[in-house]
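The numbering of the sequence shown is this note's numbering, which starts it at 185 and goes up by one. Ideal Cβ placement from N, Cα and C applies to all residues, glycine included. Since this is a predicted model, take the numbers as computed values, not measurements. Data block below; observations after.
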Amino acid sequence: MGPMSTEVGGRSLLSLLQLASAALPVGAYSYSEGLERLVEQGIVTDAAQLQEWLRQELQVGAIRLEAALMVRAYGAAQATDWERLQAWNQWLSAVRETEELRQQSWQMGRSLLRLLQVLAPDLGGAIAPLQETCNFAVAFALAAAHWQIPLEAALLGYLHGWSSNLINAGVKLIPLGQTAGQRLLLELQPILEATVQSALTLEDDALGNCGWGLALASMQHETQYTRLFRS
């Protein structure tokens, strides 16, 4: 697969950088999405195993499903179809495998919506029906559509942010060196591009994921004796 054309620049690029920044105050850094449990169990112990875990999640896991839902939420936001946006948000909430993963997505989504109420007050009509149970992927798509960030670029930014967060968690937990973490992030680039293309072409009746490993790790992490991360 060749380089992806996202045609992003100027103001939209700056908006994407702000939205995908690790400094965005949504609390992403406090979650490991079960990775802490995998390290505790000795399932993920080095950079290669972390890369394989991330690759599987991107290709068939819940994050791929989130990207596909972003495509639908982005389209609904562009059409100002807030009822359809809310319906897809409810669908995504319903398919979360564990309460921990759902609460994480809702907490991050709420935080982003509250930020958007200040940064983009004219989105009030879209934000009002989502309230406390907005998934982060939906809030991200809403912001991207409002700031006219091209869809493919928004998807790449979302997936890159997800990957960066979990790699940073791996750097702390395994532990890995910072250079190893950056090398891993660089090596994931072709997989991120492939996941975007998959999300863009996934039909409604093919929406799903093979995330039982993540679900088990998430449930077990809730009762783990010592934890650095919330879930």
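query                                                                                                                                                       : result
With DSSP collapsed to three states, give me the class of A260.                                                                                             : helix
Could you tell me if the beta carbon of V279 falls within a distance shorter than 6 Å of some heavy atom in the ligand ATP?                                 : Inclusion of the ligand ATP in the displayed structure is not the case, the ligand content being empty and no account of it being possible.
I need the DSSP call for I358, collapsed to helix, strand or coil.                                                                                          : coil
Counting Cβ pairs, one atom from each stretch, are 3 or more of them under 8 Å apart for the stretch 280-293 and the stretch 302-309?                       : no
Report the rounded CA-to-CA distance for G351 versus L369, giving the unit in angstroms.                                                                    : Reading off the sequence shown, one finds Ile at residue 351, where the question assumed Gly. Using only the alpha carbons, I get a separation of about 7 Å.
So, do the stretch 337-350 and the stretch 198-206 have three or more beta carbon pairs nearer to each other than 8 Å?                                      : yes
Output the boundary residues of the alpha helix (DSSP H) element that contains P305.                                                                        : Per DSSP, P305 belongs to no alpha helix (DSSP H) and is neither H nor E.
Since I believe L296 is in contact with V228 (beta carbons under 8 Å), could you give me their beta-carbon distance rounded to a whole number of angstroms? : Actually they are not in contact, since the Cβ atoms of V228 and L296 sit about 28 Å apart, beyond 8 Å.
Please report the distance separating the alpha-carbon of Q275 from that of T410.                                                                           : Note on residue identity: the sequence assigns Trp, not Gln, to residue 275. If you take the alpha carbons of W275 and T410, they lie about 33 Å apart.
Between A231, Q243, Q233 and L253, which has its C-alpha nearest D388's C-alpha?                                                                            : L253
Quick check on this structure: which residue in E336, V244 and S196 has the alpha carbon closest to the alpha carbon of G259?                               : E336
I need the boundaries of the alpha helix (DSSP H) containing R416, first residue and last residue.                                                          : In the structure displayed, the chain extends from 185 to 415; residue 416 sits before or after that span and is not available.
If the criterion is Cβ atoms closer than 7 Å, does the pair N393 and G245 meet it?                                                                          : yes
According to the neighbour-count rule (16 or more other Cβ atoms, all chains shown, within 10 Å of its Cβ), is E267 buried or exposed?                      : exposed
Taking a contact to mean a Cβ-Cβ separation below 7 Å, would you say A329 touches Q262 in this structure?                                                   : yes
Taking the alpha carbon of S196 as the point to measure from, which residue in Q291, Q366, A327 and W346 has its own alpha carbon closest?                  : A327
What first and last residue would you give for the alpha helix (DSSP H) that runs through W272?                                                             : W266 to A278
Look at S415 and Y215 and say whether their C-beta atoms are less than 7 Å apart.                                                                           : yes
Scan the stretch 319-375 and note each continuous alpha helix (DSSP H) run of 4 residues or more that stays entirely inside, going in chain order.          : 320-330, 335-357 and 362-371
Mind reading off the beta-carbon distance from T421 to A251? Whole number of angstroms is fine, and I expect it under 8 Å.                                  : Only positions 185 to 415 of the chain appear in this structure, which leaves residue 421 out of reach.
Can you tell me the Cα-Cα spacing of M185 and W272, whole angstroms?                                                                                        : Here the model assigns M185 a pLDDT of 40, short of 50, so the residue's position is not dependable, and the following value carries that caveat. Those two C-alpha atoms are separated by around 30 Å.
Based on Cα-Cα distance, which residue from E371, E224 and A310 lies nearest to T407?                                                                       : E224
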